[in-house]
Amino acid sequence: MDIKLDEGFQFGLGAFETIAVEEGRPILLDRHLRRLERAAAFFGFGPASVRGVTEEAVHKFIADQSEEETRRGAVKVVLSGENVLFQMRGNPYTEEKYLRGFVADISKVKRNETSQLVYHKTLNYGDCILEKRAATAAGIQERVFLNTKGQICEGAVSNIFFVRKNKIYTPQLSCGLLPGILREYVLENFEVNETVIYPEELMYYDECFVTNSLMGVMPVRQLGNICFPHRTRADEVRTLYESQKMSL
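Residue numbers for the sequence shown follow my numbering, so the first one is 200 and each next one is one higher.
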């Protein structure tokens, strides 16, 4: 693999997408490529499609991988000023994890909602990786970031949703979060209130779930010292997504 040490690899000025693959099919591929195009425009790379990041290129890359890898895996596409990379890996989210649900905690690291990097999926991903590893070391599955105002914004590798009296709530984009592909799907298919949520308000919510492209919809049974006894809406959202994803 020929990698040039451009600003993407020296300073994190690049973008990436991680696309779920099931039975050889990339899920929500068009949305991932649109988001990558937005990041490419933000960094001034020119159109990602001109650089060779197209639906056809992703499908060809998947076709060249083994059937075992593409039965349930993920394609990672990395784009920087002088590099375009495709990688294949497995999907770590098992049915057992959905049945158990996540345990999460609040991170001591703050999201900077004033940085435009927060709103793109960039190679400036160190905080997320380090906090995800710290969560694993602590025996939990996710860490949730607050912004500089103390508002909940997102998980280390996920967007977060809460349910109160059967209504779904999620932090608004201005809190400082990546507009996730699954977040977009949930907002389009369910009535969701985008709002400002503080940690001290969590006791008033009945459910919590997180989303990303590989996990889909994951119930959260505990966040910090708050337990969420129900998962009715989370299961409803997940059931719809699982029934539709192969056609998305």
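Ideal Cβ placement from N, Cα and C applies to all residues, glycine included.
According to DSSP, which residues form a beta bridge with residue i?
{"i": "isoleucine 351", "result": "Leu345"}
{"i": "threonine 217", "result": "Lys275"}
{"i": "isoleucine 359", "result": "Val409"}
{"i": "alanine 303", "result": "Glu341 and Leu422"}
Would you report the Cα separation of residue i and residue j, rounded to the nearest angstrom?
{"i": "valine 220", "j": "glutamate 267", "result": "11 Å"}
{"i": "valine 252", "j": "leucine 232", "result": "8 Å"}
{"i": "glutamine 350", "j": "asparagine 290", "result": "30 Å"}
{"i": "valine 419", "j": "glutamate 400", "result": "16 Å"}
{"i": "valine 395", "j": "proline 378", "result": "15 Å"}
{"i": "phenylalanine 241", "j": "alanine 334", "result": "31 Å"}
{"i": "alanine 337", "j": "phenylalanine 301", "result": "13 Å"}
{"i": "serine 265", "j": "leucine 227", "result": "21 Å"}
{"i": "glutamine 286", "j": "tyrosine 318", "result": "23 Å"}
{"i": "valine 385", "j": "histidine 258", "result": "25 Å"}
{"i": "arginine 430", "j": "leucine 439", "result": "14 Å"}
{"i": "tyrosine 324", "j": "glycine 207", "result": "12 Å"}
{"i": "tyrosine 292", "j": "alanine 303", "result": "16 Å"}
{"i": "glutamine 421", "j": "glutamine 340", "result": "10 Å"}
{"i": "glycine 375", "j": "arginine 342", "result": "15 Å"}
Since residue i and residue j should fall inside the 8 Å C-beta cutoff, what is the C-beta to C-beta distance between them, to a whole number of angstroms?
{"i": "aspartate 405", "j": "phenylalanine 389", "result": "Between phenylalanine 389 and aspartate 405 the Cβ distance is about 16 Å, and since that is not below 8 Å, they are no contact."}
{"i": "leucine 322", "j": "glycine 245", "result": "Leucine 322 to glycine 245, Cβ: 17 Å. No contact."}
{"i": "asparagine 346", "j": "leucine 381", "result": "The pair is not a contact, with the Cβ atoms about 21 Å apart (cut-off 8 Å)."}
Please confirm whether residue i and residue j have their CB atoms less than 8 Å apart.
{"i": "glycine 213", "j": "serine 279", "result": "yes"}
{"i": "phenylalanine 215", "j": "lysine 309", "result": "no"}
{"i": "valine 356", "j": "lysine 320", "result": "no"}
{"i": "valine 409", "j": "valine 436", "result": "no"}
{"i": "arginine 432", "j": "asparagine 365", "result": "yes"}
{"i": "valine 277", "j": "arginine 250", "result": "no"}
{"i": "asparagine 392", "j": "isoleucine 367", "result": "yes"}
{"i": "arginine 230", "j": "glutamate 383", "result": "yes"}
{"i": "glutamate 281", "j": "lysine 348", "result": "no"}
{"i": "leucine 413", "j": "threonine 217", "result": "yes"}
{"i": "glutamate 312", "j": "cysteine 352", "result": "yes"}
{"i": "alanine 247", "j": "glutamate 255", "result": "no"}
Quick one: is residue i buried, meaning 16 or more other Cβ sit within 10 Å of its Cβ, or exposed?
{"i": "glycine 272", "result": "buried"}
Does the beta carbon of residue i sit closer than 8 Å to a beta carbon anywhere in chain B?
{"i": "proline 428", "result": "In the displayed structure, chain B is absent; only one protein chain is listed."}
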